[in-house]
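For reference, the structure is listed below as structure tokens.
Chains as they are written, first to last, in our numbering: chain A, 1 to 222; chain B, 1 to 223.
In structure tokens form, the structure reads like this:
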């Protein structure tokens, strides 16, 4: 089983590398949104600092939605998903590996870019560290929960809009706690509580989402 | 419309490899077939016939366990395939309309991936031998989207030589897009598999050109 999970992970990384132009799309979107904001709002540093965390988080959520469909779409269309389901490797483990590979290739680049963007929005160092912590805990959650919705909308031809409608309400609590944490950091207050809540949400989804995704994928075969 | 069923019960072996009991499947509120029974034992070739839309593919997908039937039960060696999914899938080879070959990877990468996914560990030379048999030598490092439709299918066909542990083969139109040599090669492999004690359930719009006794199941189009 370990061997086959390894193979899936390596294959997904190889595929991401071959299709890097597709991967660039959400990343470009993320950079564009954040670099356009200071131009639109005006260069007042205090205002930018005030809206910065929210802007980065909203852009991260929207750009992760953009790239989310890639997760299973190709495998569904070319029949690879069928073949995975007909192998003895447990499907929840497979999807966990696939989601992790997806997170690593499409979201980690955003995290790497984030210091630069924090600079654009005039975030202080404390705020930046809080932001990075929330992003590190929150974005895997985005991928895990997003994958459930991707699984559910696979059979539809134009699932993209439905995907966004399904997911945005679910992401709102995450957005609130994440921006609250950065806000607390800007006031030099502790933000452990917000991080703990995001961490708890992540752990719950880590434990349950793989099974939900696997179930959604099985349903998509009907 | 009445569903006509024709199948012969195999007398030779007592324990069927794969059997379906009273299967009913409907798709988008249309009943495709109801109360179908079939059983295939070691060495059986079952040929499912019927016009487009009769539910051949749906029947095959139910037999693999990808789709659950509305009613009825599929068993592998008398065990429910839903409960003993892993046992069954280790012994199953399904070849569907969608090939399961990724178009951005090359033939070799696709096969390596598929093999480790299905718990087969062929040595490198073995894969090359199979690719040679299929006329894909020299094309093994070309990404699949640069290959022709027939060659893409040949990449997927390599599985028949690699997963030798499978005893149930379920093939959905395996001859599509293949040339004469390809068809002959596959026919030969199917007969070989049957003689080794495997069983095959397949659909095909082309007349079967194998020198082997076949069981037939005819599905009719229902409205």
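Glycine included, C-beta positions come from ideal geometry on N, C-alpha and C. None of these values were measured; they are calculated from a predicted model.
Quick one: residues in its chain with C-beta nearer than 6 Å to the C-beta of residue 93 of chain B, no 5 flanking neighbours on either side, listed in chain order? Residues 163, 166, 169 of the same chain have their beta carbon placed closer than 6 Å to that of residue 93 of chain B, with the five preceding and five following residues left out of the count.
What are the boundary residues of the alpha helix (DSSP H) that includes residue 85 of chain A? Start and end: 80-85.
Beta-carbon contacts of residue 166 of chain A that lie in its chain and below 7 Å, excluding the five residues immediately before and after: Excluding positions up to five away in sequence, the list reads 149.
Span of the beta strand (DSSP E) around residue 20 of chain B: Element bounds for residue 20 of chain B: 18-27.
Going by C-alpha to C-alpha distance, which of B:39, B:46, B:26, B:102 sits closest to residue 69 of chain B? Distances from the CA of residue 69 of chain B to each of B:39, B:46, B:26, B:102 were compared; the closest alpha carbon is that of B:26.
By the DSSP assignment, the beta strand (DSSP E) with residue 172 of chain B in it spans what residues? Here the beta strand (DSSP E) through residue 172 of chain B covers 168-172.
Who are the near neighbours of residue 103 of chain A in its chain, counting only those whose CB is closer than 7 Å to its CB and skipping five residues on each side? Taken in chain order, the residues that qualify are 139, 140, 143.
Touching or not, the region 99-113 of chain B and the region 177-191 of chain B, by the rule of three or more beta carbon pairs under 8 Å? With the cut-off at 8 Å, the region 99-113 of chain B and the region 177-191 of chain B do not touch.
Give me the residue from A:36, A:206, A:201, A:71 with the minimum Cα distance to residue 175 of chain A. Closest option to residue 175 of chain A, judged by alpha-carbon separation, among A:36, A:206, A:201, A:71: A:201.
Tell me whether residue 40 of chain A sits in a helix, a strand or coil according to DSSP, three-state version. Correct three-state label for residue 40 of chain A: helix.
For a quick check, are the C-beta atoms of residue 53 of chain A and residue 127 of chain A less than 8 Å apart? Cβ atoms of residue 53 of chain A and residue 127 of chain A: closer than 8 Å.
Anticipated Cβ contact below 8 Å, residue 38 of chain B with residue 217 of chain B, distance rounded: Right, their Cβ atoms sit about 6 Å apart.
To the nearest angstrom, report how far apart residue 144 of chain B and residue 161 of chain B are at their CA atoms. So the alpha carbons of these two residues sit roughly 19 Å apart.
Tell me the rounded alpha-carbon separation between residue 7 of chain B and residue 59 of chain B. Its pLDDT being 44, under 50, residue 7 of chain B is placed unreliably by the model, and the measurement read from it follows with that caveat. Using only the alpha carbons, I get a separation of about 15 Å.
Assuming residue 182 of chain A and residue 131 of chain A are in contact, meaning their beta carbons sit under 8 Å apart, how far apart are those beta carbons, in whole angstroms? Their Cβ separation, rounded to whole angstroms, is 5 Å, which keeps residue 182 of chain A and residue 131 of chain A in contact under 8 Å.
So what does DSSP say about residue 80 of chain B, is it helix, strand or coil? Looking at residue 80 of chain B - three-state DSSP - the assignment turns out to be strand.
Given a cut-off of 8 Å on the beta-carbon distance, is the pair residue 114 of chain A and residue 23 of chain A in contact? No, the pair does not count as a contact, with Cβ atoms beyond the cut-off.
Just reading off the beta strand (DSSP E) that residue 48 of chain B is part of, what are its end residues? Where residue 48 of chain B is concerned, the enclosing beta strand (DSSP E) starts and stops at 45-49.
Under a CB-based cut-off of 8 Å, is residue 122 of chain A close to chain B? Cβ-Cβ to chain B under 8 Å: no for residue 122 of chain A.
By DSSP, does residue 223 of chain B sit in helix, in strand, or in coil? DSSP, reduced to helix, strand and coil, places residue 223 of chain B outside both helices and strands of the structure shown, so it counts as coil.
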